[in-house]
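Chemist: Residue numbers (my numbering): 1 to 81. For each residue, glycine too, the CB sits at the ideal point set by N, CA and C. This is the structure, below, for whatever I ask next.
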């Protein structure tokens, strides 16, 4: 049972770190939209409209991966223990 506790703790910390990164990214894209968009338009060559779609898609995919790969396994392990 010690290994389940170790894995639960590991996935819990992975969840905390990934959630923090997600929130930091979402906050940066919300608060600093102008400067971030200027840099990304230069690097990618995408229009502002396409870049907004790419931001939304990125955040949606990250949230989905965070839920499926971190939060759900953590909750399942917590219920097991």
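1) So, with DSSP's three-state summary, where would you put residue 48?
2) When the Cα of residue 90 is compared with those of 33, 66, 68, 42, which residue comes out closest?
3) For residue 11, which residues in the same chain have their Cβ closer than 8 Å to its Cβ, ignoring the five residues on either side in sequence?
4) Just to confirm my understanding: we take residue 63, look at its own chain, exclude 5 residues before and 5 after, and list those with CB closer than 8 Å. What are they?
5) Out of curiosity, what's the CA-to-CA distance linking residue 29 and residue 13?
Modeler: Judging by the given coordinates:
1) For this step, residue 48 is matched to residue 48 along the chain shown. Residue 48 falls in the helix class under three-state DSSP.
2) Any property of residue 90 remains undetermined from this structure, which presents the chain solely from 1 to 81.
3) Counted from its first residue, the chain shown places residue 11 at position 11. So the qualifying residues of the chain are 70, 73, 74, 77.
4) For the purposes of this step, residue 63 is taken as residue 63 along the chain shown, with counting starting at 1. 22.
5) As a first step, residue 29 is located in the chain shown; it is residue number 29 there, counting from the start. As a first step, residue 13 is located in the chain shown; it is residue number 13 there, counting from the start. Residue 29 and residue 13: Cα-Cα distance of roughly 24 Å.
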